[in-house]
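In full-length UniProt numbering, the protein residues as written are 1 to 148. Every residue, glycine too, gets a C-beta built ideally from N, C-alpha and C. These notes are about the structure you will find just below.
Structural data, given as structure tokens:
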């Protein structure tokens, strides 16, 4: 079982925080990810931390994962090893990236696009490019839910 605390910020707006609880399948190991930080310079970031347990059914019912602060993670991971395209676009499923120096543990580039929905209503499309760690499992057709 896992508990994942997540924080996402788009275009420097106040971050949205959420908690995801579930059971791990055999398609990936979220417990190996621990702290995840993907970013597109100042336009977009996703920060999450996973805590896992396996001692009994629903062992994650009362477990919380502590999320490090964005400024702490952003400073900690400073490096200039890899350069990736970096951009964020709302109301669009593509964006053109500027050059971004990746942080210390970010060793691959990512491209992500999707549709933000509120309830069952489509709110807007988005696209982002930037830096991520290779331990992150990003799959096609994944739904992420935050807040209410």
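Using the Cα positions of residue i and residue j, report the straight-line distance between them to the nearest angstrom.
{"i": "residue 66", "j": "residue 104", "result": "21 Å"}
{"i": "residue 125", "j": "residue 54", "result": "37 Å"}
{"i": "residue 35", "j": "residue 132", "result": "11 Å"}
{"i": "residue 31", "j": "residue 115", "result": "27 Å"}
{"i": "residue 112", "j": "residue 15", "result": "18 Å"}
{"i": "residue 123", "j": "residue 102", "result": "30 Å"}
{"i": "residue 117", "j": "residue 107", "result": "30 Å"}
{"i": "residue 13", "j": "residue 56", "result": "39 Å"}
Could you name the residues of the same chain whose beta carbon sits closer than 6 Å to that of residue i, not counting the 5 residues immediately before and after it, in chain order?
{"i": "residue 23", "result": "1"}
{"i": "residue 99", "result": "83"}
{"i": "residue 88", "result": "40, 43, 44, 128"}
{"i": "residue 17", "result": "7"}
{"i": "residue 97", "result": "85, 86, 87, 129"}
{"i": "residue 20", "result": "4"}
- Message: Using a Cβ distance threshold of 8 Å, determine whether the segment 80-97 contacts the segment 57-72, with at least three qualifying pairs required.
- Response: no
- Can you find at least 3 beta carbon pairs, one from the segment 3-19 and one from the segment 41-57, that sit closer than 8 Å? yes
- Contained alpha helix (DSSP H) runs [length at least 4] in the segment 49-115, N- to C-terminal order: 70-76
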